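Please read the structure below before turning to the comments.
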Amino acid sequence: MENLSTAKIAQVILMSRELGRAEGELRGLIDQMTEDEQAELVAVMWIGRGSFEPEEYAEAVQTALSEATTPCADYLIGTPHLSENLENGLEALGISSSDEENALF
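The opening position of the sequence shown corresponds to residue 1351 in our numbering, with each subsequent residue numbered one higher.
The structure is reproduced here in structure tokens:
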């Protein structure tokens, strides 16, 4: 990932597990990301749900940039199993999501 830190992805994972109380914070975090960071976040989620393979990461980022039609926060928050898909995407890319999440505490 060129623009998006794994720490930010871990924050999104943790907040998405607590949408009932953290949706506003999650929206704020995503809205403050650059367009490139948002595209990378969507790409990780797509890889995690099996829409793209890990080796297609760059293609997934370009697709996310070119096909964005709704605000990123709305899209991601409306996606079922967001935290699991992000965790799976990080794991598929060789990054331990649990290590990143634990580092936030």
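For every residue, glycine included, the Cβ atom is placed at its ideal position computed from N, Cα and C.
Quick caveat: nothing in here was measured; it's all calculated off a predicted structure.
Query raised in the report: Would you call Glu-1368 buried or exposed, if buried means 16 or more other Cβ atoms sit within 10 Å of its Cβ?
Result: exposed
Query raised in the report: Looking at the unbroken alpha helix (DSSP H) that takes in Ala-1418, where does it start and where does it end?
Result: Where Ala-1418 is concerned, there is no enclosing alpha helix (DSSP H), given that its DSSP letter is neither H nor E.
Report task. Going by CA-CA distance only, name the one from Glu-1375, Thr-1429 and Pro-1421 that's closest to Lys-1358. Result -> Glu-1375
Report task. Identify, in the order they occur along the chain, each residue of the same chain with its Cβ nearer than 6 angstroms to the Cβ of Ile-1445, setting aside the five sequence neighbours on each side. Result -> Only Thr-1356 meet the Cβ criterion.
Query raised in the report: Using the C-alpha atoms, what's the distance from Pro-1430 back to Glu-1373?
Result: Taking the straight line from one Cα to the other gives about 14 angstroms.
Query raised in the report: How many whole angstroms separate the CB atoms of Ile-1397 and Ala-1442, which I take to be in contact at a CB cut-off of 8 angstroms?
Result: 5 angstroms
**Report entry** Nearest neighbour of Met-1395, chosen from Thr-1384, Glu-1437 and Thr-1419 [CA to CA]
**Finding:** Glu-1437
Requested in this report: Helix, strand or coil for Pro-1404, going by three-state DSSP, please let me know.
Outcome: helix
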